[in-house]
Structure formats: structure tokens, C-alpha cells
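Student:
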Amino acid sequence: MSRPHLTVITHQRWRADDLRPYADVRQDHGLDTAAAGDVDVALWCPGAWAAAAAAIARHPHLLLSSAGPAWLDHVYRLLAGRDIRTSTAADLIREASGERTDPVFAKLPETKHDSFSARTREVGELLAALYRLPPDEPVQLQTPAHFDYEVRCWLLGGQVVARAAYFPDVPREQWPALDDPCRSAEAAAWLAQLVPHYLSVPPAVVIDVGWCVDPVVGPAGWRVVEANAPWSADWYTPDDMAAVVETIVASQRDVPAKWRWQPSPLLKRLSVGLIAR
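Residue numbering for the sequence shown follows the UniProt record's numbering, beginning at 1 and increasing consecutively.
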């Protein structure tokens, strides 16, 4: 079986080095979108770069998959552990200007940017952040919840093929001391039994699972945290890097229309400079 060809759009050399044992890897700093021109090469890249590449007519072959910004809204409440709703920034501004007073966890469901980090906010702070976004930008509100152990899982054809524990509030160099392989395996097994009966997912996807200590319904236990696109998701320290690479490649091959990624208005705004190059 031939090795996959993969271009990694990053300034971090170690990312390309991580993947080299499993693919023919080329690092690109992403100063333009030329790397998207080769139909035989898969990509690992940031969302803003992908938005620029997808907007250029000479890259019609570039079809990337994702679960979609509202995917988590359709996960059963018992499986998510919290109330979740995705709407536009404009709609949420109208709501937040009303009588709502409780703090809320807010995030951009498929976009990561410092202008709107994923965290709990008071209403006034939320309003200020929403006004900085495009009016039609998807924003997700969630009941605040605490996950004390989180595991990233790569799914290919409905099967969990790799996993990696991660600890968002802890420096990365301390992660190995906190990693519990048995607990990570338990999280992956819990997720595997949900697909396809209770979770509809793309053929290649990354799903994060966490042990929720304070779910809004049911006892403490494993819950679905979020979905991510394999072609841009951090791989952390997975138990099977070859399977991670296979999932990255599959996430941009023969993508069903239902699961085709569409860049958000904010990503389109951020990609304007690259499109002009």
C-alpha cells in the first residue's frame, strides 16, 4: 500500500515531523494557497487557510468534511450533559439584550480565533464579544459544565481508530503524568457504542469525549464534548498515529454533500488577504 501524500500548513516544524513516519509530508508556511492545487495531496491546515483555498476557483477539487456548526445541537441531552443551542451572533444579541442574566458558556462551533475564545461569560461581556462578530456568524451557547478528563477520538467509517487524552487547563508537558490509558480506552468504548445508533457522524471525524461531573441530566459520566474536522484538529499524543493520518486523508476524499465543510463568515473575513495572493 502506497504512503499517503500530506501537506501540513504550519510554522511549527514539529507537526510535520510528527507525521513523517506515516506519510510523505511537505511543510508549507501557508503564505499563499498554492499547496491546495495538487489533487493527489491531502492537507492538514488551519480553517482560515482552508477558507481562502476553498474560495479560489482553481481549487474546485478541494472538498473538506466536517460535522457542521449545529451538529452538537442534535446530540441527545443525556449524551451531551448540557443544554446546547447554536444561533447567529445577530439573533443572540437580540436575546442577550433582553432579560437573560445567567452566565453562559459560548464558543464558535467550527472556528477558533482569539477574538471569541470558548469560555463562560456574563451577559454584558457576551454582548460585547458578539458585536465584534459578523451578524451571521454561528455562535454556540451551552450550559456551563465541567469535564475532568477528556479524550479525543478519531472515527473512520463509524469505528474509533485512535484516541488521545488531553488536558486543556494544564501545560502540555505535564500531560503524560495525567494520562490514564485505561480511562481513555473506557471513553473510546463508550463513544463506539453510540455510533451509528445515537450519533450521526461523517465518514471521517474527530469526536471529543469527557467525564462530566455536573451534567444537567443523569449521573456523572462520559458525555460528548464536541466534534472536530480531522484535517484541522490537533492530534495531541494519539495511540495510533497511522490511523490519525488515515482519518485526515479520508476527511477530504469522496465527501458526501451532507458533510461538506463551509467556512463561517468570520473565517471568510480572515481569509481575504490570502485570497488576494
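Virtual Cβ for every residue (Gly too), placed ideally from N, Cα, C.
Please list the segments of the alpha helix (DSSP H) lying wholly inside the stretch 174-216, counting only runs of 4 or more residues, in order along the chain.
Tutor: If we require 4 residues or more, the alpha helix (DSSP H) runs fully inside the stretch 174-216 come out as 175-178 and 181-192.
Student: I'd like the span of the alpha helix (DSSP H) that includes Gly47, first residue to last.
Tutor: It spans Gly47 to Ala55 - the alpha helix (DSSP H) in which Gly47 sits, taken as one unbroken run.
Student: Taking only three categories from DSSP, how would you classify Ser65?
Tutor: Of the three classes helix, strand and coil, the one that applies to Ser65 here is strand, per DSSP.
Student: With a Cβ-Cβ cutoff of 8 angstroms, do Thr247 and Leu156 count as a contact?
Tutor: A contact, by the Cβ cut-off of 8 angstroms.
Student: Any contact between the stretch 35-47 and the stretch 220-234? By contact I mean 3 or more CB pairs, one from each, below 8 angstroms.
Tutor: With the cut-off at 8 angstroms, the stretch 35-47 and the stretch 220-234 touch.
Student: Excluding five sequence neighbours on each side, which residues of the same chain lie with their C-beta closer than 8 angstroms to the C-beta of residue 365?
Tutor: Outside the shown range of the chain, which is 1 to 277, sits residue 365, and nothing can be said about it.
Student: If we require 4 or more residues per run, which alpha helix (DSSP H) segments fall completely within the stretch 234-258?
Tutor: Listed in chain order, they are 241-250.
Student: Taking its Cβ as the centre, do 16 or more other Cβ atoms sit within 10 Å of Tyr149, making it buried, or is it exposed?
Tutor: When all chains shown are included, Tyr149 counts as buried.
Student: Between Leu267 and Ala90, how many whole angstroms is the CB-CB distance? I'm expecting something under 8 angstroms.
Tutor: No, Leu267 and Ala90 are not in contact; Cβ-Cβ is about 17 angstroms, not under 8 angstroms.
Student: With DSSP as the reference, identify every bridge partner of Gly221, one or two as the case may be.
Tutor: According to DSSP, Gly221 bridges with Cys212.
Student: Less than 8 angstroms between the C-beta atoms of Ala80 and Val201, yes or no?
Tutor: No; because the gap between Cβ atoms is not below 8 angstroms, this pair is not in contact.
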